[in-house]
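A.B. asks: Questions regarding the structure given below will be posed in turn.
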Amino acid sequence: MKPPILIIILSTVISGTMIVLTSSHWMLTWIGFEMNMLAVIPILMKKFNPRAMEASTKYFLMQATASMLLMMGIIINLLHSGQWTILNNLNSTASTLMTIALAMKLGLAPFHFWVPEVTQGISLSSGMILLTWQKIAPLSVLYQISSNINPNLLLSMAILSVLIGGWGGLNQTQLRKILAYSSIAHMGWMSAILIYNPTMMILNLTIYIMMTLSTFMLFMHNSATTTLALSQTWNKMPLITSLILMLMLSLGGLPPLSGFIPKWMIIQELTKNEMIILPTFLAITALLNLYFYMRLTYATALTMFPSTNNMKMKWQFESTKKMILLPPLIVMSTMLIPLTPMISILE
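For the sequence shown, UniProt numbering begins at 1 and goes up steadily by one.
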């Protein structure tokens with residue numbers, strides 16, 4: 001794709017999300033979603049092959065259905081209340097329709113089927129945009145309507161998402177599918193806390209975006225899309241293997257790393273609200289995710305070939321991809337735990 005065209009398309013994607021973030025009018029929010037969806041499709045089809053075409057078509061059909069449901073909810077709300085303001089009290093039918101529409105846009109279970117398929121069909125850079133930037137707009141609308149959402153609906157979707165995000169990734173060898181299932185599980189955690197403490201959801205989203213960006217950037221730097229390709233990095237770039245190890249453990253939510261903060265905070269907040277079964281269930285299903293992250297770290301950093309590479313000539317070209325933001329992102333994705341007291345004050 002030519003740079004001027006890419007810049008125009010990316011700026012439309014960004015401005016679409018910004019319109020959703022800043023508007024307090026339902027019509028403008030819907031227009032922002034549409035701009036964002038139509039502009040992101042050429043990005044998904046950057047590598048023009050049948051798989052990317054299929055993935056983009058699936059994405060378009062899913063997002064168009066979600067937009068239609070969202071518009072229906074908006075119109076029902078308009079008929080009942082006579083106004084377009086987002087922050088006003090919603091009609092219960094409208095609220096349910098909007099929640100379902102936004103869950104489809106996010107890829108929450110049971111509307112998750114498109115996420116692994118679409119992510120697998122597109123390039124790593126497009127997948128990175130799909131699993132990070134594309135989550136911001138729907139979550140911002142859910143944040144604004146969180147007081148009117150049906151808790152039973154959202155919690156059942158959250159529980160299902162965490163389960164499917166853990167189970168689905170267990171048998172995968174494709175890195176993009178693993179990250180897609182990881183995304184479904186993280187969205188489940190975010191929607192579980194949304195009703196009780198919406199600010200916590202934003203904290204979780206921020207840390208999730210940082211970790212996913214870092215992971216995708218490392219995979220792009222290695223041009224790795226399978227576990228097998230990842231298992232050969234130690235021979236050429238030993239530092240990157242240890243970075244992947246830390247990032248995977250952080251994504252799994254192990255204590256000394258940043259990924260532990262949102263899980264800790266969410267479990268604490270849910271127990272404050274006198275819920276015991278839900279946080280216990282979330283913690284147990286997080287082990288499923290941790291298992292497939294551990295499989296990746298085992299294949300990457302803990303296994304070695306019988307012999308080291310003794311060749312005098314370079315057997316592989318140096319990577320020419322420049323990942324400028326990678327060092328700060330990796331630091332933030334792994335070492336934010338000392339800031340937890342400050343974050344808990346902000347909550």
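Quick reminder that beta carbons are idealized off the backbone N, C-alpha and C, glycines included.
DSSP beta-bridge partners for GLN174?
C.D. replies: THR226, per the DSSP bridge assignment.
A.B. asks: Using the beta-carbon count (16 or more within 10 Å), is PRO262 buried or exposed?
C.D. replies: It is buried - the Cβ of PRO262 has at least 16 other Cβ atoms within 10 Å.
A.B. asks: Should LEU270 go down as buried or exposed, given a rule of 16 or more other Cβ atoms within 10 Å for buried?
C.D. replies: Counting Cβ neighbours within 10 Å, LEU270 comes out buried, since at least 16 surround it.
A.B. asks: Expressed to the nearest angstrom, what Euclidean distance is found between the alpha-carbon atoms of ALA64 and PRO338?
C.D. replies: Distance between the alpha carbons of ALA64 and PRO338 is about 43 Å.
A.B. asks: Spatial neighbours of LEU278 within its chain, please: C-beta separation below 6 Å, excluding the five flanking residues on both sides.
C.D. replies: Cβ neighbours of LEU278 beyond the five flanking positions: LEU270.
A.B. asks: Measuring only the C-alpha atoms, how far is PRO116 from SER81?
C.D. replies: About 39 Å.
A.B. asks: Between THR334 and TRP84, what straight-line distance do the alpha-carbon atoms span, to the nearest angstrom?
C.D. replies: Straight-line Cα distance between these residues: approximately 42 Å.
A.B. asks: For HIS25, list the residues DSSP reports as bridge partners.
C.D. replies: DSSP output for HIS25 lists THR85 as bridge partner(s).
A.B. asks: Just mark MET217 as buried or exposed, buried being the case when its beta carbon has 16 or more other beta carbons within 10 Å.
C.D. replies: Buried: at least 16 other Cβ atoms inside 10 Å.
A.B. asks: Would LEU142 and THR212 be called neighbours here (beta carbons separated by less than 7 Å)?
C.D. replies: Contact: no.
A.B. asks: If contact is defined by three or more beta carbon pairs under 8 Å, each pair taking one atom from either stretch, is the stretch 186 to 200 in contact with the stretch 318 to 328?
C.D. replies: No: fewer than three Cβ pairs fall under 8 Å.
A.B. asks: Only counting runs of 3 or more residues, tell me where the beta strand (DSSP E) segments fall wholly within the stretch 93 to 145, in order along the chain.
C.D. replies: The stretch 93 to 145 contains no whole beta strand (DSSP E) run of 3 or more residues.
A.B. asks: At a cut of 8 Å, does the stretch 231 to 250 reach the stretch 176 to 196 through at least three beta carbon pairs?
C.D. replies: Taking 8 Å as the limit for Cβ pairs, the verdict is that the stretch 176 to 196 does not touch the stretch 231 to 250.
A.B. asks: Following the continuous alpha helix (DSSP H) through LYS263, name the residue where it begins and the one where it ends.
C.D. replies: Residues 260 to 272.
A.B. asks: Just to confirm before moving on: does the CB-CB distance between ALA103 and MET68 stay below 7 Å?
C.D. replies: Result no, Cβ atoms of ALA103 and MET68 do not sit closer than 7 Å.
A.B. asks: Compute the Euclidean distance between the alpha carbons of PHE60 and GLY73, then round it to the nearest angstrom.
C.D. replies: Their backbone Cα atoms lie some 20 Å apart in a straight line.
A.B. asks: Scan the stretch 41 to 78 and note each continuous beta strand (DSSP E) run of 3 residues or more that stays entirely inside, going in chain order.
C.D. replies: Whole beta strand (DSSP E) segments, 3+ residues: zero.
A.B. asks: Report the rounded CA-to-CA distance for ILE343 versus LEU254, giving the unit in angstroms.
C.D. replies: About 18 Å.
A.B. asks: Decide if HIS25 is buried, meaning its Cβ has at least 16 other Cβ atoms within 10 Å, or exposed.
C.D. replies: By the neighbour-count rule (16 or more Cβ atoms within 10 Å), HIS25 is not buried but exposed.
A.B. asks: Are PRO138 and LEU87 touching if we call contact CB-CB under 7 Å?
C.D. replies: No, they are not a contact pair.
A.B. asks: Exposed or buried, which one is THR285 when buried takes at least 16 other CB atoms within 10 Å?
C.D. replies: So THR285 ends up on the buried side.
A.B. asks: Do you know offhand how far ILE31's Cα is from ALA109's?
C.D. replies: Approximately 25 Å between the Cα atoms of the pair.
A.B. asks: Measuring alpha carbon to alpha carbon, tell me which of MET37, PRO42, MET18 ends up nearest SER123.
C.D. replies: Cα-wise, what sits closest to SER123 is PRO42.
A.B. asks: For SER11, does the count of other Cβ atoms within 10 angstroms reach 16, so buried, or fall short, so exposed?
C.D. replies: Exposed, since its Cβ has fewer than 16 Cβ neighbours within 10 Å.
A.B. asks: Please list, in chain order, all residues of the same chain as SER242 whose beta carbon is under 8 Å from its beta carbon, the five residues on each side excluded.
C.D. replies: The answer, listed in chain order, is ALA301.
A.B. asks: Cβ atoms of GLY252 and LEU296: under 7 Å apart, would you say?
C.D. replies: It is not a contact, given that the beta carbons lie outside the stated cut-off.
A.B. asks: For MET342, name the three-state secondary structure that DSSP assigns.
C.D. replies: If DSSP states are grouped into helix, strand and coil, MET342 belongs with the helices.
A.B. asks: Got a sec? Which residues, its chain only, sit under 7 Å from THR39 by beta carbon, not counting five neighbours each side?
C.D. replies: The question names Thr, but residue 39 is Ala in the sequence shown. If we look at ALA39 and ignore the five residues flanking it on each side, its Cβ neighbours are ILE9, THR12, VAL13, GLY16.
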